[in-house]
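Chemist:
In our numbering, the protein residues as written are 61 to 555.
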């Protein structure tokens, strides 16, 4: 039995030795395989980056040349297309090396301006190969507490901005394919200011500026309320730096863009945006002019916002600005700032008249032009004369250009006049039309007196209104155009 046991132990030891030897053999082969594979793996550093980019640029150039040479023969550039796709696929390794983004910056606008065609081909390739999704996924995983990753966030936003600059359609694509809007909203919610919050506000403004699709989508994501909360932080305080000031302007740009679709105007009113803008105006901080601009956007062609404005006692604040009682600081002493504010408040008053057509609110609005011996009509006529003189000077200048045999079509001439102040003059004339149609003898008498003192007549106002009537576009649809023209025709008849 002992012999048997000893034999078994000997056999077992031999088996174990065999297994051990076999295991060692396997381990060695694995090590050899790993060593062989490691010869083809490179660290993702600047050297690797340069090699990848040079290879990509070479394939891109070959593809562009083939496309230009055989535009109607896809089979002639199919091989270069595949090679380009392979090179682009290799670039995906850079998604795990955000610290190299500043050195990469393939989409820098300045670098691409010299040749639009390669730029567009590059952007198309980036979009087609899901790079937008990778960029935004990176944003969600990067941590701002890490300096390198914080810088990577900034550079990712810069890349997205440059892609949009080269191909504006990317603005809608990136919102459709990714969760960029969600990330941007989350970023502007943060109370503390930093460079990435500023850049996020800028990117959000870019995405909203020319896309009603993005405006509506952000509205559905509670974007109106989020942007209102972001600007509310500055209702009673000023930004502490020029960068923070720029961010506040970006946020108001976002708000104004959001207020273009009708459904977002409704969300703005429900979120008490009208009240917030009035509070900001009353505080007379840096956001004062931006609040006037936002409330004007909200009230344009949207009576409920106009009614809310009157109901929450906004008339007193608005007409203080109309009379020129605006806050002046070292930063906004520039003449152009005051002119822009003046033009915006004229637009706001015109929006009020357009949105409140009857009832006690209309009476409260009209009564503002009677109080203090019609001082607001005096102010209105002061603006009318000033802008009339500007437009007259520009018209004479344009006539001289034509006299010198320099061709200029009617649309260009009209646009030049609008830039010189014609649009504001037209709005002042529209306000005068509303006041005249009220048939209030004191206000009518004041208007006629001031016209006469400036050697003008009602016909001058009618000419301005007629030109406005004839140039109303149909951007808001044929029904809105007809409604607007009918209103102006009513003024022309009354005058």
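Note that beta-carbon positions come from the ideal geometry of N, C-alpha and C, so glycine has one too.
Helix, strand or coil for residue 461 per DSSP?
Modeler: Here the question's residue 461 lines up with position 401 in the chain shown. Residue 461: helix per DSSP, three-state reduction.
Chemist: To the nearest whole angstrom, what separates the beta carbons of residue 406 and residue 365, a pair I think is in contact under 8 Å?
Modeler: The count along the chain shown starts at 1 and reaches residue 406 at position 346. The count along the chain shown starts at 1 and reaches residue 365 at position 305. About 17 Å separates the two Cβ atoms, so there is no contact after all.
Chemist: Between 436, 340 and 367, which has its C-alpha nearest residue 379's C-alpha?
Modeler: Locating residue 379 in the chain shown gives position 319, counting from the first residue. Selected option, being the one with the closest Cα: 436.
Chemist: Within its chain, find whatever has a CB closer than 6 Å to the CB of residue 450; leave out the 5 residues flanking it on each side and keep chain order.
Modeler: The residue labelled residue 450 in the question sits at position 390 within the chain shown. Closer than 6 Å at the Cβ level, and outside the excluded window around residue 450, lie 480 and 481.
Chemist: So, helix, strand or coil for residue 299, using DSSP?
Modeler: Numbered from 1 along the chain shown, position 239 holds the residue referred to as residue 299. Residue 299 falls in the coil class under three-state DSSP.
Chemist: Round the Cβ separation of residue 573 and residue 412 to the nearest angstrom and send it over; I've been treating them as touching at under 8 Å.
Modeler: Nothing about residue 573 can be reported from this structure: the residues present for the chain run from 61 to 555 only.
Chemist: Helix or strand or just coil, what does DSSP make of residue 418?
Modeler: Taking the chain shown and counting its residues from 1, one reaches residue 418 at position 358. Of the three classes helix, strand and coil, the one that applies to residue 418 here is coil, per DSSP.
Chemist: In whole angstroms, what separates the C-alpha of residue 475 from that of residue 532?
Modeler: By 1-based counting over the chain shown, the position of residue 475 is 415. By 1-based counting over the chain shown, the position of residue 532 is 472. Whole-angstrom Cα-Cα distance: 13 Å.
Chemist: Which of the three DSSP states is assigned to residue 200 in this structure?
Modeler: Stepping through the chain shown from its first residue, residue 200 is reached at position 140. Correct three-state label for residue 200: helix.
Chemist: So what's residue 427 in DSSP terms, helix, strand or just coil?
Modeler: Within the chain shown, the letter at position 367 stands for residue 427. Correct three-state label for residue 427: helix.
Chemist: Among the residues of its own chain, which have a CB less than 8 Å from the CB of residue 272, if the five just before and after it don't count?
Modeler: Counted from its first residue, the chain shown places residue 272 at position 212. Cβ within range, chain order: 320 and 321.
Chemist: Taking the Cβ atom as the reference point for each residue, do residue 554 and residue 497 lie within a distance shorter than 9 Å?
Modeler: Here the question's residue 554 lines up with position 494 in the chain shown. Here the question's residue 497 lines up with position 437 in the chain shown. The answer is yes: Cβ separation under 9 Å.
Chemist: Can you tell me whether residue 215 is helix, strand or coil according to DSSP?
Modeler: Locating residue 215 in the chain shown gives position 155, where the first residue counts as 1. Of the three classes helix, strand and coil, the one that applies to residue 215 here is helix, per DSSP.
Chemist: Going by other Cβ atoms of all chains shown within 10 Å of its Cβ, with 16 needed for buried, is residue 290 buried or exposed?
Modeler: Stepping through the chain shown from its first residue, residue 290 is reached at position 230. Label assigned to residue 290: buried.
Chemist: How would you write the range of the alpha helix (DSSP H) that residue 483 sits in, first residue to last?
Modeler: The residue labelled residue 483 in the question sits at position 423 within the chain shown. It spans 483-497 - the alpha helix (DSSP H) in which residue 483 sits, taken as one unbroken run.
Chemist: Measure from the alpha carbon of residue 487 to the alpha carbon of each residue in 505, 503, 514 and 522, then state which is nearest.
Modeler: As a working note, residue 487 is residue 427 in the chain shown. Checked all of 505, 503, 514 and 522; the closest Cα to residue 487 is 522.
Chemist: I believe residue 328 touches residue 358 by the beta-carbon criterion, under 8 Å. Please report the beta-carbon distance rounded to the nearest angstrom.
Modeler: Counted from its first residue, the chain shown places residue 328 at position 268. Counted from its first residue, the chain shown places residue 358 at position 298. That belief holds up - the Cβ atoms of residue 328 and residue 358 are roughly 5 Å apart, short of 8 Å.
Chemist: First and last residue of the alpha helix (DSSP H) that includes residue 264?
Modeler: The sequence position of residue 264 within the chain shown is 204, counting from 1. Counting along the chain, the alpha helix (DSSP H) containing residue 264 begins and ends at 255-269.
Chemist: Tell me whether residue 539 is buried or exposed, calling it buried when 16 or more other Cβ atoms sit within 10 Å of its Cβ.
Modeler: Looking up residue 539 in the chain shown gives position 479. Exposed, by the Cβ-count rule.
Chemist: What do you get for residue 86, buried or exposed, if any count of 16 or more other CB atoms within 10 angstroms of its CB means buried?
Modeler: If you number the chain shown from 1, residue 86 lands on position 26. With a pLDDT of only 46 at residue 86, under 50, the local geometry of the prediction cannot be trusted, and the value read off the model is given with reservation. Under this definition residue 86 is an exposed residue.
Chemist: Would you decide whether residue 505 is buried or exposed? Buried here means 16 or more other CB atoms lie within 10 Å of its CB.
Modeler: One-based indexing of the chain shown puts residue 505 at position 445. With fewer than 16 other Cβ atoms within 10 Å, it is exposed.
Chemist: Between 409, 117, 182 and 145, which has its C-alpha nearest residue 495's C-alpha?
Modeler: Numbered from 1 along the chain shown, position 435 holds the residue referred to as residue 495. Checked all of 409, 117, 182 and 145; the closest Cα to residue 495 is 409.
Chemist: Considering only the alpha carbon of each residue, which of 181, 300, 230 and 314 lies closest to residue 193?
Modeler: The residue given as residue 193 occupies position 133 in the chain shown. Measuring from the Cα of residue 193, the nearest candidate turns out to be 230.
Chemist: Of all the options 201, 145, 222 and 200, which has the alpha carbon lying nearest to the alpha carbon of residue 190?
Modeler: Reading the chain shown from its first residue, position 130 is the one you call residue 190. Of the listed residues, the one whose Cα sits closest to residue 190 is 145.
Chemist: On the three-state DSSP scale, how would you describe residue 251?
Modeler: What you label residue 251 is simply residue 191 of the chain shown in a count that begins at 1. Residue state, collapsed to three classes: coil.
Chemist: Would you call the region 248-260 in contact with the region 200-219, where contact means no fewer than 3 C-beta pairs closer than 8 Å?
Modeler: Short answer: they touch.
Chemist: Using CA atoms only, rank isn't needed, just tell me which of 281, 307 and 280 is closest to residue 8.
Modeler: Look at the range of the chain in this structure, 61 to 555, and you will see that residue 8 is not part of it.
Chemist: Tell me whether residue 208 sits in a helix, a strand or coil according to DSSP, three-state version.
Modeler: For the purposes of this step, residue 208 is identified with residue 148 of the chain shown, where counting begins at 1. If DSSP states are grouped into helix, strand and coil, residue 208 belongs with the helices.
Chemist: Shortest alpha-carbon distance to residue 375 belongs to which of 396, 338, 363 and 354?
Modeler: Looking up residue 375 in the chain shown gives position 315. Nearest of 396, 338, 363 and 354 to residue 375, Cα basis: 338.
Chemist: My output table needs one value for residue 357: the three-state DSSP class, helix, strand or coil.
Modeler: Translated into positions along the chain shown, residue 357 becomes position 297. Helix at residue 357.
Chemist: Could you spell out the range, first to last residue, of the alpha helix (DSSP H) harbouring residue 505?
Modeler: Taking the chain shown and counting its residues from 1, one reaches residue 505 at position 445. From DSSP, the alpha helix (DSSP H) with residue 505 extends over 501-513.
Chemist: Spatial neighbours of residue 552 within its chain, please: CB distance less than 6 Å, with the 5 preceding and 5 following residues excluded, ordered by chain position.
Modeler: Within the chain shown, the letter at position 492 stands for residue 552. Result list for residue 552: 522 and 525, in chain order.
Chemist: Could you pull out every residue in the same chain whose Cβ sits closer than 8 Å to the Cβ of residue 370, ignoring the five residues on either side in sequence?
Modeler: Locating residue 370 in the chain shown gives position 310, counting from the first residue. Taken in chain order, the residues that qualify are 412, 416, 421, 424 and 425.
Chemist: To the nearest angstrom, how far is it from the Cα of residue 138 to the Cα of residue 115?
Modeler: Along the chain shown, one-based indexing puts residue 138 at 78. Along the chain shown, one-based indexing puts residue 115 at 55. When rounded, the distance between both Cα atoms is 18 Å.
Chemist: Closer than 6 Å by C-beta to residue 186: which residues in its own chain qualify, once you throw out the five before and the five after it? Chain order, please.
Modeler: The sequence position of residue 186 within the chain shown is 126, counting from 1. Nothing meets the Cβ criterion.
Chemist: Can you tell which of 236, 260 and 235 has the C-alpha that lies nearest to the C-alpha of residue 247?
Modeler: Within the chain shown, the letter at position 187 stands for residue 247. Out of 236, 260 and 235, 260 has the C-alpha closest to the C-alpha of residue 247.
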